[in-house]
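K.L.:
Counting with our numbering, you get residues 2 to 123 for the letters of the sequence shown. Don't be surprised by glycine CBs; every beta carbon is placed ideally from N, CA and C. Below are the structure tokens for one structure; questions will follow.
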Amino acid sequence: MASQHAVADIRSESFPEYEGKIQDLYVEGYDPVSYSAPHSSLLRYSTWVAMGLILASLFGMGLAIWGATVGTYGYGASAELSRQLILCGLVEAVVTLVLGVVLIVKGRAGYRQYREQTGRVN
2 MASQHAVADI RSESFPEYEG KIQDLYVEGY DPVSYSAPHS SLLRYSTWVA MGLILASLFG
62 MGLAIWGATV GTYGYGASAE LSRQLILCGL VEAVVTLVLG VVLIVKGRAG YRQYREQTGR
122 VN
């Protein structure tokens, strides 16, 4: 008799799909801040590139400062180039800082989504 009863949907009976998320398995009070957490910003290439760009902006700031001091105190033939040095330094600093901020915002999108879903703040 048992062989006469057929399963309506053998695929869903054999391979059920679970809709659970990883944060559903966290113990209450656990604060997942490790590098291996799936929502970690440190797993995204854009975050690391952004940090490099922000560090690279120091070159532009240094170039602008050097151009300003060369224009003020003079240093060989560089005195005529002080405005160009300041301008190039500021442009480089602003461009790399803006790109860095944009990439960090992009890299942290997964963490912001996790925070909105769970209400946790690390």
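Inspect the CB distances between the segment 74 to 90 and the segment 98 to 114 and report whether three or more fall short of 8 angstroms.
P.N.:
The segment 74 to 90, when compared against the segment 98 to 114, does not touch it at the 8 angstroms Cβ threshold.
K.L.:
Quick check: Leu91 and Val71, are their CB atoms within less than 8 angstroms of each other?
P.N.:
Cβ distance not < 8 angstroms, so Leu91 and Val71 don't count as in contact.
K.L.:
Along the chain, where does the alpha helix (DSSP H) that runs through Val96 open and close?
P.N.:
Where Val96 is concerned, the enclosing alpha helix (DSSP H) stretches over 83 to 108.
K.L.:
Does the segment 44 to 51 come within contact of the segment 103 to 116, defined as at least 3 CB pairs closer than 8 angstroms?
P.N.:
With a cut-off of 8 angstroms, the segment 103 to 116 and the segment 44 to 51 count as touching, because enough Cβ pairs lie within range.
K.L.:
Which whole-angstrom value describes the C-beta separation of Leu54 and Leu88, a residue pair presumed to lie in contact below a C-beta threshold of 8 angstroms?
P.N.:
Incorrect: roughly 20 angstroms between the Cβ atoms, too far for contact.
K.L.:
Could you give the distance in angstroms between the alpha-carbon of Arg116 and the alpha-carbon of Glu29?
P.N.:
Approximately 15 angstroms, taken between the alpha carbons.
K.L.:
Here's the rule I'm using: 16 or more other beta-carbon atoms within 10 Å means buried, otherwise exposed. How should Ala80 be labelled?
P.N.:
So Ala80 counts as exposed.
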